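One structure below.
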Amino acid sequence: QKEVEQNSGPLSVPEGAIASLNCTYSDRGSQSFFWYRQYSGKSPELIMFIYSNGDKEDGRFTAQLNKASQYVSLLIRDSQPSDSATYLCAVNGAGGSYIPTFGRGTSLIVHP
Amino acid sequence: EAGVTQSPTHLIKTRGQQATLRCSPISGHTSVYWYQQALGLGLQFLLWYDEGEERNRGNFPPRFSGRQFPNYSSELNVNALELEDSALYLCASSSWGQGSSLNSPLHFGNGTRLTVT
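In structure tokens:
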């Protein structure tokens, strides 16, 4: 059973701070990792993906992957109130699977 | 480029009825996925279609079914609706398929909110 675990939160950070969102996965063979943002009542939108160990930066967002620890994280720098949403981690590729497994998401609240 | 489109936006049915949800993928995408997101829960995988065939299905009863048409659009059918089927149904498409890269992300439509009374 492939599992993707996220702390449900809410994670509350002040505006301008760094928000750190974490995700662990159970299947060591997983190959690709995705972060989605979902506003209340809306559909998930892709923020970024990563598939190599290390860091990947895109604007205010940095994804970090550590396959040995089966851990992927998302850092949001200079957090804004508009970043308040649920962040979903998705993992794919274990055993050649094309079915991404999603975590339940972490609720982020950025307060002014 | 048009994104993934889903219809209808909202659907209200009574218990025991059938519901049909529709999805058009991004142009060029051959893979279509269906997920269910019940209130407060995560995304649960329902079905995956690629090149017109069902490639995989999640842990849902047979009354959840669907198909993919030659133009790669897809339909999800839910028969004998139950109250617990009330959820947001999300369709997503991807450029990957059998034999393709696993790194292509899913792109989601705006979803269909199904309410069963």
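Quick note, the sequences are listed as chains L and W, same order.
In this text, residue positions in the first sequence follow the numbering used here: the first is 88, and each later residue adds one.
In this text, residue positions in the second sequence follow the numbering used here: the first is 902, and each later residue adds one.
Note that beta-carbon positions come from the ideal geometry of N, C-alpha and C, so glycine has one too.
Please read these numbers as outputs of a predicted model, since none were measured by experiment.
Between L:Phe-148 and W:Pro-1006, the gap from beta carbon to beta carbon reaches 9 Å or more.
By the C-beta criterion, the stretch 98 to 107 of chain L is judged to be in contact with the stretch 162 to 174 of chain L, since at least 3 inter-stretch pairs fall below 8 Å. Against chain L, the CB of W:Tyr-936 has a partner CB under 9 Å away; the residue lies at that interface. DSSP places L:Ser-184 in the coil class of the three-state scheme, outside both helix and strand. Excluding five sequence positions before and after L:Glu-132, the CB atoms of its chain that fall closer than 8 Å to its own CB belong to Tyr-123, Arg-124 and Gln-125, given in chain order. At a cut-off of 3 residues, the continuous stretches assigned as beta strand (DSSP E) that sit fully inside the stretch 120 to 150 of chain L are 132 to 137 and 141 to 145.
Membership of W:Lys-914 in the beta strand (DSSP E) is indicated by the continuous run 911 to 914.
Within chain W, not a single residue places a beta-carbon under 9 Å from that of L:Ile-196; the smallest gap is close to 17 Å. Listed along chain W, the residues sitting closer than 7 Å to L:Pro-131 by beta-carbon distance are Phe-1009. Among the residues facing chain L, W:Asp-986 is not included, as its CB has no counterpart in that chain under 9 Å away. Residue pairing by DSSP places L:Val-178 opposite L:Phe-120 and L:Thr-188 in a beta bridge.
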